[in-house]
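S.K.:
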Amino acid sequence: MSTSAAIEVDGLRKAYGDHEAVRGVSFAVERGEVFGLLGPNGAGKTTTVEILEGYRTRDAGTVRVLGQDPGERPPALRERVGIVLQSSGTYPHLTVRETVSHWASLYARPRDVEDVIALAGLQEAADRRARTLSGGQARRLDFALALIGDPELIFLDEPTTGFDPAARRAAWDTVRTLRELGKTILLTTHYLDEAQALADRVAIVKDGRLLAEGAPGELGAGAARYRVAWRDGAGVAHERETDDPTGLLHELTGGALARGERLDELSVTRPSLEDVYLELTAEAIA
Amino acid sequence: MSEHALEGARTRPAEHAGPERWLGTAWRQFRIERKMFWRNPSAAFFNFLLPLLLLALFGAIFAGERAKLDVIVPGIAGMSVMSATFIALAYNVTLLRERGILKRLRGTPLPTSAWLGGVAANAVANTVLQLALVILAGHFVFGVAWPSDWLALIVFVGLGVVCFAALGVALAHAIPNFESAPAYVNAVFIPMILIAGVFYDEKSAPQVLRDAAEVLPLKHLIDGMSGAMVHHEGLADHGVALLVLALWAAVGLTLAIRGFSWEARRD
Numbered sequence: 481m482s483t484s485a486a487i488e489v490d491g492l493r494k495a496y497g498d499h500e501a502v503r504g505v506s507f508a509v510e511r512g513e514v515f516g517l518l519g520p521n522g523a524g525k526t527t528t529v530e531i532l533e534g535y536r537t538r539d540a541g542t543v544r545v546l547g548q549d550p551g552e553r554p555p556a557l558r559e560r561v562g563i564v565l566q567s568s569g570t571y572p573h574l575t576v577r578e579t580v581s582h583w584a585s586l587y588a589r590p591r592d593v594e595d596v597i598a599l600a601g602l603q604e605a606a607d608r609r610a611r612t613l614s615g616g617q618a619r620r621l622d623f624a625l626a627l628i629g630d631p632e633l634i635f636l637d638e639p640t641t642g643f644d645p646a647a648r649r650a651a652w653d654t655v656r657t658l659r660e661l662g663k664t665i666l667l668t669t670h671y672l673d674e675a676q677a678l679a680d681r682v683a684i685v686k687d688g689r690l691l692a693e694g695a696p697g698e699l700g701a702g703a704a705r706y707r708v709a710w711r712d713g714a715g716v717a718h719e720r721e722t723d724d725p726t727g728l729l730h731e732l733t734g735g736a737l738a739r740g741e742r743l744d745e746l747s748v749t750r751p752s753l754e755d756v757y758l759e760l761t762a763e764a765i766a
Numbered sequence: 024m025s026e027h028a029l030e031g032a033r034t035r036p037a038e039h040a041g042p043e044r045w046l047g048t049a050w051r052q053f054r055i056e057r058k059m060f061w062r063n064p065s066a067a068f069f070n071f072l073l074p075l076l077l078l079a080l081f082g083a084i085f086a087g088e089r090a091k092l093d094v095i096v097p098g099i100a101g102m103s104v105m106s107a108t109f110i111a112l113a114y115n116v117t118l119l120r121e122r123g124i125l126k127r128l129r130g131t132p133l134p135t136s137a138w139l140g141g142v143a144a145n146a147v148a149n150t151v152l153q154l155a156l157v158i159l160a161g162h163f164v165f166g167v168a169w170p171s172d173w174l175a176l177i178v179f180v181g182l183g184v185v186c187f188a189a190l191g192v193a194l195a196h197a198i199p200n201f202e203s204a205p206a207y208v209n210a211v212f213i214p215m216i217l218i219a220g221v222f223y224d225e226k227s228a229p230q231v232l233r234d235a236a237e238v239l240p241l242k243h244l245i246d247g248m249s250g251a252m253v254h255h256e257g258l259a260d261h262g263v264a265l266l267v268l269a270l271w272a273a274v275g276l277t278l279a280i281r282g283f284s285w286e287a288r289r290d
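In order, the protein sequence lines correspond to chains A and B.
Just so we're aligned, residue 481 is where the first sequence starts under my numbering, counting upward by one.
Just so we're aligned, residue 24 is where the second sequence starts under my numbering, counting upward by one.
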């Protein structure tokens with residue numbers, strides 16, 4: 481692990497009574513990186529993130545966030561970290577601008593209130609009371625409040641769960657903007673496409689353990705299996721997995737040409753993050 | 024859930040802890056609490072209307088009966104102290120916790136003590152406004168004399184505020200969700216005002232209720248306030264009342280701090 485990593489987690493464990501929510505998780509997030517913790521509900525993602533945020537104590541392991549131990553809740557760390565929780569409200573009777581401005585007053589060196597409102601895409605709603613906001617707008621306000629302290633590191637816990645597609649795209653754009661600003665982002669999600677679209681690196685979590693870690697495009701590359709699908713002359717669909725697509729294609733196309741047939745809908749695909757994810761997380765069903 | 028209990032309290036201030044910054048933060052919290060209070064006009068209205076309404080009703084019932092009015096006016100003043108602190112904080116803390124606002128605030132550099140200071144100052148402001156209304160109405164409408172011992176009144180109200188504010192925060196920890204808050208609050212508040220002699224001279228109540236009232240704080244607050252308001256009695260005449268209130272304040276503060284939980288329960 482490099483000493484400049486924004487987050488370092490080693491051998492992290494946490495149990496609630498008999499239930500072991502996190503069972504020895506280790507990973508590192510580099511500065512400026514978008515790191516995705518991907519896994520089904522109940523995998524231990526939120527527990528892990530809430531330990532990093534300083535909300536929960538850990539049972540074992542070491543944790544460093546921007547070089548400090550969040551378990552000690554150092555105030556200086558909270559100046560440098562922004563948090564978007566899975567679900568959390570705001571004061572219903574304050575307007576968006578008043579809320580952002582009040583939160584700005586909690587930080588020593590806040591960003592400009594109007595800039596943050598614009599960054600979160602809330603200009604139109606700036607004078608509306610929080611209780612009248614739509615779900616998507618309330619989520620934008622969550623982003624705004626996480627950004628107002630000008631954090632180096634931002635935690636996003638399931639930022640788009642329950643969103644309609646348009647609101648998800650908007651949230652994704654905000655995350656990309658944050659990345660361009662050089663922020664480090666730790667994102668949890670149970671949506672594959674979200675991890676694929678946003679994260680530089682992804683760790684797949686299940687039952688409190690990390691099952692795989694890597695860039696979304698590379699995860700599964702190690703599996704080195706290609707899926708070849710086609711429809712034969714009789715219109716029957718076939719699908720085969722192979723380590724050697726060149727040989728298989730040669731065999732298939734050679735045979736088809738010899739018989740004077742066409743291979744309709746011929747495709748060769750590499751395993752996607754989705755395939756890797758399903759394979760890794762579906763052992764209970766298999 | 025004890026793992027989140029005020030974990031931060033011991034390591035908190037240090038770096039930002041300049042007293043001006045703390046005061047500034049508490050002051051801004053107070054200002055925003057006041058703003059939010061007035062933004063919810065029906066709640067604000069009833070907050071002040073209820074004691075006046077009760078005063079008007081009982082004033083009409085006991086019109087001209089000086090002795091009974093001298094019981095009612097300090098009784099309603101004491102009840103106002105309890106409702107502006109105990110009820111308001113039990114609701115407020117439960118609501119903030121269940122809505123996740125407390126958890127969100129805990130992720131910021133806001134010092135817990137500065138936040139609590141602002142929230143408590145808001146309750147004090149409402150107490151002072153309510154008391155002023157009750158004392159003014161008592162004097163000008165029902166002819167009750169001005170308080171005879173202002174120092175004793177201020178000490179009792181101050182101690183009552185600390186005691187009931189702390190008990191309100193402590194009760195919030197016992198309330199499992201916001202929907203059940205009225206049931207919990209009323210289960211404590213209504214019996215307490217009935218046995219404490221808010222609406223009648225408690226000497227006419229059965230012994231068992233009088234004993235219960237002796238153990239609880241509200242009766243002692245009302246005794247002290249009524250001594251200061253109508254009976255020309257000072258602090259020296261109500262040593263026991265001060266002691267009981269101080270004990271309850273200590274119990275309330277301990278429960279409020281030890282049990283403090285930042286998060287809604289996960290079931």
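Built from N, CA and C at the ideal position, the CB exists for glycine as well.
In whole angstroms, what separates the C-alpha of A:Glu698 from that of A:Tyr757?
M.R.: So the two alpha carbons sit approximately 13 Å from each other.
S.K.: The alpha helix (DSSP H) spanning A:Gly524 covers which residue range?
M.R.: Taken as a continuous stretch (DSSP letters only), A:Gly524 belongs to no alpha helix (DSSP H), as it is neither H nor E.
S.K.: Let me confirm a value: B:Lys226 is counted as buried when at least 16 other C-beta atoms fall within 10 Å, else exposed. Which label applies?
M.R.: Result: exposed.
S.K.: Do you know offhand how far A:Ala670's Cα is from B:Leu46's?
M.R.: Note on residue identity: the sequence assigns His, not Ala, to residue 670 of chain A. A:His670 and B:Leu46: Cα-Cα distance of roughly 43 Å.
S.K.: Measuring alpha carbon to alpha carbon, tell me which of A:Leu621, A:Ile531 and A:Gly547 ends up nearest A:His582.
M.R.: Comparing Cα positions, the closest option is A:Leu621.
S.K.: Where does A:Val682 sit, in a helix, a strand or coil, going by DSSP?
M.R.: Strand at A:Val682.
S.K.: Name the residue from A:Leu691, A:Ile634 and A:Ala677 whose alpha carbon lies nearest to the alpha carbon of A:Arg511.
M.R.: Closest by alpha carbon: A:Ile634.
S.K.: Any chance the stretch 137-157 of chain B sits against the stretch 208-226 of chain B, with 3 or more Cβ pairs inside 8 Å?
M.R.: Verdict: no, contact absent.
S.K.: Pull up the DSSP beta-bridge partners for A:Arg720, would you.
M.R.: Answer is A:Val708, bridged to A:Arg720.
S.K.: For A:Leu672 versus A:Leu517, is the C-beta spacing smaller than 8 Å?
M.R.: No, the Cβ-Cβ distance between A:Leu672 and A:Leu517 is not below 8 Å.
S.K.: Please check if any C-beta of chain A sits within less than 8 Å of the C-beta of B:Asn115.
M.R.: It does not: the Cβ of B:Asn115 has no partner Cβ on chain A nearer than 8 Å.
S.K.: Please classify A:Ala600 as buried or exposed, where buried requires at least 16 neighbouring CB atoms within 10 angstroms.
M.R.: Result: buried.
S.K.: Could you tell me the boundaries of the alpha helix (DSSP H) in which B:Val164 lies?
M.R.: Neither: B:Val164 is in no alpha helix (DSSP H) and is coded neither H nor E.
S.K.: Within a Cβ cutoff of 8 Å, which residues of the same chain sit near A:Leu574, ignoring the five residues on either side of it in sequence?
M.R.: So the qualifying residues of the chain are His582, Arg609 and Ala610.
S.K.: Short check: CB of B:Thr108 to CB of B:Val211, under 8 Å?
M.R.: No; because the gap between Cβ atoms is not below 8 Å, this pair is not in contact.
S.K.: Measuring only the C-alpha atoms, how far is A:Phe507 from A:Leu532?
M.R.: Answer to the nearest angstrom: the Cα atoms are 12 Å apart.
S.K.: At a CB-CB cut-off below 9 Å, which residues of chain A make contact with B:Arg51?
M.R.: Those within 9 Å of B:Arg51 in chain A are His582, Ser585 and Leu586.
S.K.: Just how far apart, CA to CA, sit B:Leu174 and B:Ile213?
M.R.: Rounded to whole angstroms, B:Leu174 to B:Ile213 spans 29 Å at the Cα level.
S.K.: Do B:Ile280 and B:Leu241 have their CB atoms nearer than 8 Å?
M.R.: For B:Ile280 and B:Leu241, no; Cβs fall outside 8 Å.
S.K.: List the endpoints of the continuous beta strand (DSSP E) containing B:Phe69.
M.R.: No beta strand (DSSP E) contains B:Phe69, which is instead part of the alpha helix (DSSP H) from Pro64 to Ile84.
S.K.: I need the straight-line Cα distance from B:Pro229 to B:Ile99, nearest angstrom please.
M.R.: Using only the alpha carbons, I get a separation of about 21 Å.
S.K.: Run down chain A in chain order and give the residues with a C-beta less than 8 Å from the C-beta of B:Asn200.
M.R.: Those do not exist, as B:Asn200 stays about 14 Å from chain A at its closest Cβ, beyond 8 Å.
S.K.: By the criterion of Cβ-Cβ separation under 8 Å, what are the contact partners of B:Leu133 in chain A?
M.R.: Within chain A, the residues near B:Leu133 are Leu586.
S.K.: Can you list, in chain order, the residues of the stretch 561-577 of chain A whose Cβ is nearer than 7 Å to any Cβ on chain B?
M.R.: Taking 7 Å as the Cβ-Cβ cut-off against chain B, the residues of the stretch 561-577 of chain A that qualify are Ile563, Leu565, Ser567, Ser568, Gly569, Thr570, Tyr571, His573 and Leu574.
S.K.: Please state whether the Cβ-Cβ distance between B:Ala189 and B:Gly275 is less than 8 Å.
M.R.: Cβ atoms of B:Ala189 and B:Gly275: closer than 8 Å.
S.K.: Less than 8 Å between CB atoms is the rule here; does B:Asn63 satisfy it with respect to chain A?
M.R.: Chain A contact via Cβ: present.
S.K.: What residue range does the alpha helix (DSSP H) around B:Val267 cover?
M.R.: Where B:Val267 is concerned, the enclosing alpha helix (DSSP H) stretches over Gly262 to Arg281.
S.K.: With a threshold of 8 Å between beta-carbons, can B:Ile280 be considered close to chain A, or not?
M.R.: Answer no: the Cβ-Cβ gap between B:Ile280 and chain A never drops below 8 Å.
S.K.: Put B:Phe201 into one of helix, strand or coil per three-state DSSP.
M.R.: If DSSP states are grouped into helix, strand and coil, B:Phe201 belongs with the helices.
S.K.: Closest Cβ-Cβ distance between A:Arg558 and chain B: below 8 Å?
M.R.: Yes - at least one Cβ of chain B is within 8 Å of the one on A:Arg558.
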